[in-house]
Amino acid sequence: MEVQKEVQKNVISILVNNKPDVLARISGTFSGRGFNIESISANVTRDPAKTKIIITTIGDNATLARILKQIARLVDIIEVVDLTGREAVRREMFLARLNWSKEGNRKKVEALVENKNWKILSADDHTCIIEMTGENGALLEEVMMLEKLGLEDFTRTGVVALENGL
Amino acid sequence: MKVSGAQILFKALEMEAVEVIFGYPGGAVIGIYDELFRQKIRHILVRHEQGAIHAADGYARASGKVGVCLVTSGPGATNTVTGIANAHIDSIPVVILTGQVPTALIGSDAFQEVDIMGITRPCTKHNFLVRNVAELGKVVREAFHIARSGRPGPVLVDLPKDVMQAEMEEEDVCFVSGYLYAEESPDNSEIERAADMIAAAQTPLIFSGGGVVLGKASGELRELARMIGAPVTSTLMGLGAFPASDPLWLGMPGMHGTYAANMALNQCDLLIGVGVRFDDRVTSKVAAFAPCAQIIHIDIDPVSIDKIVRTDLSIVANAKQALLAIVARLKEKNHVWPGAIRNWQEQVLEWKREHPLGYKKGAAIKPQFVVEKLYELSRGKAIIATEVGQNQMWAAQFYHYDEPNCFITSGGLGTMGFGFPAAIGAQVARPDSLVIDIAGDGSIQMNIQELGTAVQNKLPVKIAILSNSCLGMVRQWQEMFYQKRYSQTVLHNNPDFLKIAEAYGARGLRARKVEEVEEVIKEAFATEGVVVMEFIVDDEEGVYPFVKPGAPLDEMDLGPMETTSREVARDGDDPFSRSFN
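In order, the protein sequences belong to chains A and B.
Read in the numbering used here, the first sequence has 23 at position 23, and its numbers run on one by one without any break.
To get the numbering used here, take the position in the second sequence, counting from 1, and add 1000.
Next comes the structure, spelled out in structure tokens:
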């Protein structure tokens, strides 16, 4: 697997009414203009009637600006914030499963986990599952390094982001 | 007391002051139709669901109210999709009520089931699937609020059969909509800047669009234009907002725009766009559009701002409010016409004199001549609906509109078959007006079945078919750009439109010679019911001026324009004398 060079990713935070078809309306606005959504994460907020959706996407800025305006005018959208270039914290979580049965690997993995502040969530003699969080570009590179330590599969949450306080 | 979903639906429609529904029954809405039987609301039974949505659309355009249509699930719903897209792109407020299979069957490929929510998501302003009877009243009210607020548009409400049958206690029914729309007021500093830009302009031009008609801002537009002495051009959708009889009027710009309008766009130093979206049929080559101008863009929808052209000042607001504020600010500043304005007005007049709209007279009936006669004999007072193609452009060029809501045309989508059902809707909205559908022999056949609707409901629409036995606009493009290879644009075996009219119980009249035209129109206008007029016109006639797609607006093919159709101000007159200053 090749690590993709980090390009300018746009991170969009959208606050919406928690209704079944809101996500379809948003994703339709992207796909209708040929935009690919790189990652998406959605969850209800403190107010259960509202959901916050974080989308990362790559594309030209003029088109993206238009898409954001088009999303902002959808009926169930409360707020659209483009976090790209803003003071915000962006994190992503990975879960990775490793086969560490090869001689010496278990020790190396445990040392790495310790060093990186990751967590081992489940483990037996053959495999383990690790939880890792970080900035998504750097994190992806680190996950790729696990190839040598028996990486079998991984899953990721997509980027979540929160603006810094004023 | 218990009330059913169907009863709640009609109660909500009543609260929204709905006077008429255009519809067609079917299995999923049979319960609604059963309730309708007991209700007082007027229902116009169409002959095809596309007719229902276009009629609701035409009703909305002619009345300024929300149009309503009611159809069944599956094919009933899908037949409205073209009309929904049509209303969406032209920002027309309509509410589409579609039947749906019972909730428990949704997603099971039931008989006449279709995911109309999914199908119409990208072509509605919003859509709702009503999940239970408790939310029904609220949802229907919300649909109307959304349809008419801000930038208007179509809203679809999908009504499962069981929800319509379900009952609840009357006292528990809620009609309170949760939808809030906060209209943005124009910002003071933006208004100030607009006033400054206007004060500094030597050659200002107002470019108004459908937003002025929808925003009921035609009075404010007129006031601004006369106050600052700026000539006015308007998109197809905006025709009538500024009176065509005013000396400041230039005609429509763009691909088939007037010489004066396109030249003015090319040379103005300030372009004030109000309720326009800079459609490609107007801008043509964007890089060469209004090359000398600073641009002020007023629009209610932020999406329209900077979408096509870069603007120097954008004001996101309702057209009426923004224009009022600018006029007020100019008054405060005791605005007087800058000295250069008179020269600019003279220049514009010169362009109008040099190349007015016209056509070459000949032995055959010219379609433009028919439209001119319709204008003359209706004294410019008719509501004109159009189909799409050459007939539409001639109706825009040779009928002259002095009032808004009088020109009903499929602007953005270009939907053939729109005009006749839309004319039916307009006639329902304004029963005392003369409503004429200017059609081609191609377009009229796309919804000709609505003759049944017009005759049954005594809606005396007059149809004027400019019959050239071809799909004229495409044919014209084939002539100009495809070396006259007339691929599939010749209509052999057109039906006898007079016999069709008569078969439906309407009247049919035909003119083959120039001298018969006036007679036929007079006869049609004197007839009480529905009339189909067929004018056998010159099939070689083209729409001019013509700016090739992608060419700058000043590169116009003016065509053979020998006969000037309309009297332009005679030498020696001062056409601006009745304006302010």
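In this text, a Cβ means the ideal position worked out from N, Cα and C, and glycines have one as well.
Because the structure is a prediction, the values reported are computed rather than measured.
One or two residues paired with residue i in a DSSP bridge
i, result
"N91/A", "It is worth fixing the name first, because residue 91/A is Arg in this sequence and not Asn. Answer is V160/A, bridged to R91/A."
"M132/A", "F94/A"
"K119/A", "E131/A"
"A42/A", "I53/A"
"R1042/B", "V1020/B"
"S1245/B", "Answer by DSSP bridge pairing: none, since S1245/B is not bridged."
"R1507/B", "V1531/B"
"Q1100/B", "P1160/B"
"A1439/B", "I1465/B"
"N99/A", "T127/A"
"P1204/B", "L1270/B"
"E1220/B", "Looking at the DSSP assignment, E1220/B forms no beta bridge with any residue, so it has no partner."
"T1489/B", "For T1489/B, which the question treats as bridged, DSSP gives no partner whatsoever."
"L1313/B", "I1296/B"
"N962/B", "Shown here, chain B extends from 1001 to 1581; a query on residue 962/B therefore has no answer."
"N17/A", "K50/A"
Chain A contact residues for residue i, given Cβ-Cβ distances below 7 Å
i, result
"K1307/B", "R66"
Integer Cβ distance of residue i from residue j, believed to fall under 8 Å
i, j, result
"T1489/B", "L1466/B", "That pair is no contact at about 15 Å."
"S1443/B", "N1391/B", "7 Å"
"Q1427/B", "P1460/B", "7 Å"
"L83/A", "E152/A", "At roughly 33 Å, the Cβ-Cβ gap does not stay under 8 Å, so L83/A and E152/A are not in contact."
"E1113/B", "S1073/B", "6 Å"
"G1005/B", "E1049/B", "Their Cβ separation, rounded to whole angstroms, is 21 Å, which puts G1005/B and E1049/B out of contact at 8 Å."
"M1473/B", "G1389/B", "4 Å"
"A1052/B", "A1429/B", "About 15 Å separates the two Cβ atoms, so there is no contact after all."
"A1319/B", "V1212/B", "5 Å"
"L1498/B", "R1510/B", "6 Å"
"A1439/B", "A1464/B", "7 Å"
"L1330/B", "A1217/B", "Actually they are not in contact, since the Cβ atoms of L1330/B and A1217/B sit about 16 Å apart, beyond 8 Å."
"I55/A", "L15/A", "Between L15/A and I55/A the Cβ distance is about 12 Å, and since that is not below 8 Å, they are no contact."
"L1436/B", "K1462/B", "The question names Leu, yet the displayed sequence has Ile at residue 1436/B. Indeed they touch by this definition, with Cβ atoms about 5 Å apart."
"Q1294/B", "L1270/B", "5 Å"
Chain B contact for residue i (CB, 9 Å cutoff)
i, result
"K69/A", "yes"
"L209/A", "Any property of residue 209/A remains undetermined from this structure, which presents chain A solely from 1 to 166."
"G28/A", "yes"
Chain-ordered chain A contacts of residue i [CB-CB under 8 Å]
i, result
"D1301/B", "R73"
Under 8 Å from the C-beta of residue i: neighbouring residues of chain B
i, result
"G59/A", "Chain B residues near G59/A: none, gap ~16 Å exceeds 8 Å."
Contacts of residue i in chain A (Cβ-Cβ under 9 Å)
i, result
"I1146/B", "V75"
"H1043/B", "The contacting residues do not exist; H1043/B stays about 28 Å from chain A at best."
Below-9 Å beta-carbon distance, residue i vs any chain A residue
i, result
"H1297/B", "no"
"K1141/B", "Inspection of the sequence shows that residue 1141/B is occupied by Arg rather than by Lys. Not an interface residue."
"L1129/B", "yes"
"H1126/B", "yes"
"Y1587/B", "In the structure as shown, chain B starts at 1001 and stops at 1581, and residue 1587/B therefore has no counterpart that could be examined."
"G1150/B", "yes"
"E1016/B", "no"
Chain B contact residues for residue i, given Cβ-Cβ distances below 9 Å
i, result
"G34/A", "Under the 9 Å cutoff, chain B gives no residues; its nearest Cβ is about 13 Å from G34/A."
Test: residue i CB closer than 9 Å to a CB of chain D
i, result
"Y1033/B", "Here the protein chains are A and B, and chain D is not one of them."
Could you name the residues of the stretch 1089 to 1123 of chain B whose beta carbon sits closer than 8 Å to any beta carbon of chain A, in the order they occur along the chain?
Within the stretch 1089 to 1123 of chain B, the residues whose Cβ lies closer than 8 Å to some Cβ of chain A are M1117, G1118, R1121 and P1122, listed in chain order.
So if I threshold CB-CB distances at 7 Å, which residues from the stretch 130 to 143 of chain A count as touching chain B?
The residues in question: there are none.
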